[in-house]
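Colleague: Sharing a structure below in structure tokens format, with a few things to ask.
In my numbering, the protein residues as written are 7 to 352.
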């Protein structure tokens with residue numbers, strides 16, 4: 007197979023890299039094809055946004071009722087919203103290209119507005135989901151209540167430490183399934199050629215941008231809060247737990263977007279594993295798993311000995327620090343004291 011490689015650089019850094027086959031080059035001379043309104047468009051352009059809108063509207067309505075009835079965990083929701091606010095503020099600030107220049111005013115106000123929006127949204131969704139979820143699946147919000155609802159935020163708690171470690175292990179297993187096993191085992195068994203490792207320009211990052219990626223998880227947390235709200239809403243309507251979990255997996259796969267049969271099956275396995283972590287170890291482990299998985303994908307360097315590997319080292323260092331904190335917190339308190347605290351929260 008003949009490949010045509012197009013590459014370009016500026017100041018020694020790659021800015022263009024394209025690998026094209028003869029078939030792809032021939033398609034450039036063909037007349038454009040009119041857009042057809044098929045099932046993929048209806049799935050991704052209509053049904054998926056509609057599901058997100060229903061979940062958001064449900065969160066607003068339930069949140070208002072919980073606040074009016076004083077069922078909401080005000081302290082936990084406030085701390086959760088403040089955490090998301092600062093994650094957005096610091097992460098976007100580090101990713102900004104103008105914030106550390108004389109024209110910093112161009113981006114500072116959009117960053118502040120975005121941080122306020124994400125913080126308020128996280129507060130509203132926590133206010134809506136936590137009381138209802140605590141009644142439906144009591145164990146699901148125990149770890150988050152320990153982390154956000156105590157008079158003082160615990161530095162070392164066995165349950166929090168275990169949740170962090172479980173989230174990291176879960177992220178590693180999903181990355182192994184969707185990464186090396188898919189590339190080197192599943193695709194060869196299906197007779198597919200080994201895919202060319204394309205250059206992801208988002209991985210061409212420096213140290214400051216890498217630190218920003220390691221901290222800026224506010225939008226990701228909000229996105230996965232929608233998944234938790236889907237579980238809570240379905241379980242509140244459907245009485246049978248197994249049927250509710252099956253419908254939840256269907257909605258989660260829908261939110262992942264359309265793809266090939268192989269992609270859908272991988273999304274289903276990943277969703278089932280994440281749902282198991284959420285119901286067994288709680289919200290903290292679930293969100294930690296998704297955050298760590300996000301960091302893992304960005305931690306893949308373009309070249310191990312190049313300047314682009316420096317940002318990857320920062321991301322790997324962030325994962326190591328999280329693992330060390332999880333182990334330190336898990337061993338920080340006696341099991342009896344930790345159990346008493348969990349019972350008092352529950």
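Built from N, CA and C at the ideal position, the CB exists for glycine as well.
These figures come from a predicted structure and were not determined experimentally.
Are there three or more Cβ pairs, one per stretch, closer than 8 Å when the segment 93–104 is compared with the segment 219–232?
Modeller: With the cut-off at 8 Å, the segment 93–104 and the segment 219–232 touch.
Colleague: Here's the rule: buried if 16 or more other CB atoms are within 10 angstroms of the residue's CB, otherwise exposed. What is residue 217?
Modeller: Residue 217 should be labelled buried.
Colleague: Suppose you measure from the CA of residue 162 to the CA of residue 140; what does that come to, to the nearest Å?
Modeller: Whole-angstrom Cα-Cα distance: 23 Å.
Colleague: If we count the other Cβ atoms within 10 Å of its Cβ and call it buried at 16 or more, is residue 4 buried or exposed?
Modeller: Nothing about residue 4 can be read from this structure; the chain reaches only from 7 to 352.
Colleague: Going by C-alpha to C-alpha distance, which of 232, 172 and 269 sits closest to residue 298?
Modeller: The residue with the shortest Cα to Cα distance from residue 298 is 172.
Colleague: Just to check my reading of the structure: residue 128 and residue 87 have Cβ atoms closer than 8 Å, yes? What is that Cβ distance to the nearest angstrom?
Modeller: Sure, about 5 Å apart at Cβ, within 8 Å.
Colleague: Specify the secondary structure class of residue 293 as computed by DSSP and reduced to three states.
Modeller: Of the three classes helix, strand and coil, the one that applies to residue 293 here is helix, per DSSP.
Colleague: Where does the unbroken alpha helix (DSSP H) through residue 81 begin, and where does it stop?
Modeller: That run of the alpha helix (DSSP H) goes 80–101.
Colleague: Taking the alpha carbon of residue 252 as the reference point, which residue from 121, 282 and 287 has its own alpha carbon closest?
Modeller: It is 282.
Colleague: Exposed or buried, residue 85, counting other C-beta atoms within 10 Å across all chains shown (16 or more means buried)?
Modeller: Buried: at least 16 other Cβ atoms inside 10 Å.
Colleague: With respect to the alpha helix (DSSP H) encompassing residue 225, which residues constitute its N-terminal and C-terminal limits?
Modeller: Looking at the DSSP string, the run of the alpha helix (DSSP H) that includes residue 225 is 224–243.
Colleague: Taking DSSP as the reference, what is the three-state secondary structure of residue 313?
Modeller: Legend: pLDDT at residue 313 = 48, less than 50; position of this residue unreliable, no value from coordinates given.
Colleague: In whole angstroms, give me the CA-to-CA distance for residue 329 and residue 37.
Modeller: So the alpha carbons of these two residues sit roughly 54 Å apart.
Colleague: Mind the definition here: the segment 231–248 touches the segment 129–138 only if three or more C-beta pairs lie below 8 Å; say whether that holds.
Modeller: Segments in contact, yes.
Colleague: Is residue 248 helix, strand or coil when you go by DSSP?
Modeller: The answer is helix: DSSP assigns residue 248 an H, G or I state.
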